[in-house]
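Chemist: Let me begin by handing over the structure; questions about it come next.
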Amino acid sequence: MEYTSGAASWQKALRRLVAVLLPRRPRQRRPFWSVGVPLIALAAGLLFTTTATTAGGTALREDRRPQLTELIEDRRAQVAANEERAATLRGELENRTAVLANSDGPIREQQQRANASRAAAGFTALTGTGLTVELNDAPQLSNLPEGASNDDLVVHQGDVQAVVNALWAGGAEAMSIMNVRVLATSAVRCVGNTLLLHGRVYSPPFKIVAIGDPAVLRQALAASEGVRWFRDAVDNYQLGYSETPGTVTVPAFEDSTTLRSATVPAVPQ
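Heads up: the sequence shown begins at 1 in full-length UniProt numbering, then just goes up one per residue.
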């Protein structure tokens, strides 16, 4: 049997009376906004926190071109320093080989054999009649021609390759791009509107020099479909293109000759 105090019994009776006189209202669901607003506020807070962490205390839209320019210049200086050191080491190696050749017959024979192939391999400078081809971006235009984009106003990798291939097809004996000797292992690549050749970056205008018969070289350029396309763009978008015959000099190749990969060509059956 349960015993309650007088006060507790009175309170219990009062609650029963209120329940009888005031019927219980049906439970209403909380509107969506009362639940969604806190969730949206939480998501916004997380977004702001992530953005601040990513920005590292700086504006995300801050112009960082000066930083990129400084980084590029630092890398160029490092490449130049490494090339200078490599050239010094190659010179020391050649000098020591020459000293050994004076007293070692087999070394002397191999050195003479290598020297006989230096010109054909591109390790000696050559001078002769030839052709200089120059390609350049179009000037900055306030109004682009109808149907054109900024991509149509710059020299592309395919344009440089078309000229190089046409000159080789025209019987060029030696060639250089931006005063850098071009060998069979040279690769012409473009990054944006800049040229990447043997680890160095060059900006337009791009100058290509070839030793050979100027008339034959010009005929080969005229016969190249890729060169014709570029000449059409010259007329339409004011790109730069010129051919200058005369006596030219192609420098010796001075970079590393190490091959990263090679394949044996298939023998025709």
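Even glycine gets a Cβ: it sits at the ideal position worked out from N, Cα and C.
(1) Taking 8 Å as the threshold (C-beta atoms), are residue 153 and residue 237 in contact?
(2) In whole angstroms, what separates the C-alpha of residue 243 from that of residue 118?
(3) State yes or no: is the C-beta of residue 220 within less than 8 Å of the C-beta of residue 169?
(4) Per DSSP, what kind of secondary structure is residue 236 in: helix, strand or coil?
(5) Is the Cβ-Cβ distance between residue 134 and residue 230 less than 8 Å?
(6) Determine the burial state of residue 103: buried for a count of at least 16 other Cβ atoms within 10 Å of its Cβ, exposed for fewer.
(7) Flag this pair as yes or no: are the beta carbons of residue 245 and residue 131 separated by less than 8 Å?
(8) Go through the segment 124-157 residue by residue and report every complete run of the beta strand (DSSP E) that reaches 3 residues or more, in order.
(9) Kindly indicate the opening and closing residues of the beta strand (DSSP E) around residue 209.
(10) Please report how far the alpha carbon of residue 197 lies from the alpha carbon of residue 268, in whole angstroms.
(11) Report buried or exposed for residue 158, applying the criterion of at least 16 other Cβ atoms within 10 angstroms of its Cβ.
(12) In the segment 156-210, which residue ranges form an unbroken alpha helix (DSSP H) of at least 4 residues, counting only runs that do not cross its ends?
(13) Sorted by chain position, which residues of the same chain lie with C-beta nearer than 6 Å to residue 172's C-beta, five sequence neighbours on each side aside?
(14) Under 8 Å by Cβ, that's how I've got residue 200 and residue 79 pegged, so tell me the actual separation to the nearest angstrom.
(15) Helix, strand or coil for residue 244 per DSSP?
(16) Taking all protein chains shown into account, do 16 or more other C-beta atoms lie within 10 angstroms of the C-beta of residue 191, making it buried, or fewer, making it exposed?
Modeler: Let me lay it out:
(1) yes
(2) 29 Å
(3) yes
(4) helix
(5) no
(6) exposed
(7) yes
(8) 126-136
(9) 206-211
(10) 33 Å
(11) exposed
(12) 157-169
(13) 210 and 212
(14) 7 Å
(15) strand
(16) exposed
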